[in-house]
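Participant:
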Amino acid sequence: MSKIAVIGSGTMGNGIAHVFAQHDHQVSLIDTNDKALEKALATISKNLDRQLSKGVIQTEEKESALANITTHTELADGVKNADIVVEAATEDTKLKLDIFRQLDQHCPKNTILATNTSSISITKIAAATNRPQQVIGMHFMNPVPIMPLVEVIKGYKTSKETTHQIMSIAKGLEKEPVAVNDYPGFVANRILMPMINEAIYSLYEGVAGVQEIDTVMKLGMAHPMGPLQLADFIGLDVCLSILNVLYEGLGNPKYAPCPLLVNMVEAGNKGVKSGEGFYKHLSGSKDLIVSERFKN
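Just remember that the numbering used here sits 38 ahead of the position in the sequence shown, which is counted from 1.
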């Protein structure tokens, strides 16, 4: 299981490629956009430099990791020899189903097809292929090089052998894999997203302000990041998408997204990625500055 293909070179994709390459796997990083691939390699190099400065890796390990990565703009070319494919494209059901149909066509018959989806049904994705027993969820946490958890999601037809192989390879990446079953939101987001949604409701209903809500959760519950800050970091559009999956999949009104969240996403205030959400996010600054809209 030494040849890995990663689909998508965004934040999650380049992080996944980084971790596999750092652990001596040959990685094909695939994206339709040449500039996105260039940016991904620059990000990986920068993050390796950060590990180097902290003594986590040595210079030769950085050089080896970068040498382990090749880039491709054609999916068929990038996956033709892959032992495992990890799809990390945009969280869009139609897009993912199309990618998995292509993967099923172009990958060797024994290739395991994994998805980094944070909420979309593994069973539904697997049904788009002729190898559902070899389709599985491999949900890394952001930032991938730092966060130890990998949520391994078993689809309805995922085989025990596939699950065992993915659990084993995750451990080889010095991660802590946890196997869960394929239901809306899995475990991580089924618990996390309602908490974030309730924090947004608390703001929406005037219970407290942005900083107050986040401070209560950081100091009172020992969370390293408050739920509103975390929502900005994840992306408010992603939070909305996952809440909709939970709401539609479980049919329970407790998962209905807060109207404030819906409005913010529709207005283009998506958090860090757009420069503003509950906080203002200035390039190069780590200061927490509450958005003007939410200041008293």
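The beta-carbon is built from N, C-alpha and C at its ideal position, and this holds for glycine as well.
1) Three-state secondary structure (DSSP) at Pro295?
2) So is Ile327 buried or exposed if we call it buried at 16+ other beta carbons inside 10 Å?
3) With a floor of 4 residues, list each alpha helix (DSSP H) that falls wholly inside the stretch 200–260, ordered by position along the chain.
4) In three-state terms, what does DSSP make of Glu314?
5) Between Leu266 and Ser321, what straight-line distance do the alpha-carbon atoms span, to the nearest angstrom?
6) Report the three-state DSSP secondary structure of Ala152 (helix, strand or coil).
7) Quick check: the Cα distance between Tyr285 and Tyr221, rounded to an integer number of angstroms?
8) At what residue ranges does the stretch 144–198 contain a whole run of the beta strand (DSSP E), taking only runs of 3 or more?
9) Do Ala103 and Leu79 have their C-beta atoms within less than 8 angstroms of each other?
10) Would you call the stretch 205–214 and the stretch 184–194 in contact, with 3 or more CB pairs under 8 angstroms?
11) To the nearest angstrom, how far is it from the Cα of Met179 to the Cα of Lys333?
12) Could one say the Cβ of Met185 lies closer than 8 angstroms to chain C's Cβ atoms, at least one of them?
13) Using 10 angstroms around the beta-carbon of Asp136, count the other beta-carbons present and answer buried if the total reaches 16, otherwise exposed.
14) Alpha carbon to alpha carbon, how far is Ala105 from Val44? Give it in angstroms, no decimals.
15) Pull up the distance between the alpha-carbon of Asn219 and that of Ile150, whole angstroms please.
16) Taking the C-alpha atoms as reference points, what is the distance between Ser240 and Ile272?
17) How far does the alpha helix (DSSP H) with Leu278 in it extend, from its first residue to its last?
18) Does DSSP put Ala305 in a helix, a strand or coil?
19) Does DSSP classify Val65 as helix, strand or coil?
20) Which two residues bound the contiguous beta strand (DSSP E) that contains Glu125?
21) In terms of DSSP beta bridges, what is Ala43 paired with?
Facilitator: This is what the structure holds:
1) coil
2) exposed
3) 226–242, 248–259
4) strand
5) 19 angstroms
6) strand
7) 12 angstroms
8) 150–153, 173–178, 187–192
9) no
10) yes
11) 31 angstroms
12) In summary, chain C is missing from the structure at hand, where a single protein chain is found.
13) exposed
14) 16 angstroms
15) 18 angstroms
16) 19 angstroms
17) 274–288
18) coil
19) strand
20) 122–125
21) Ser66, Val123
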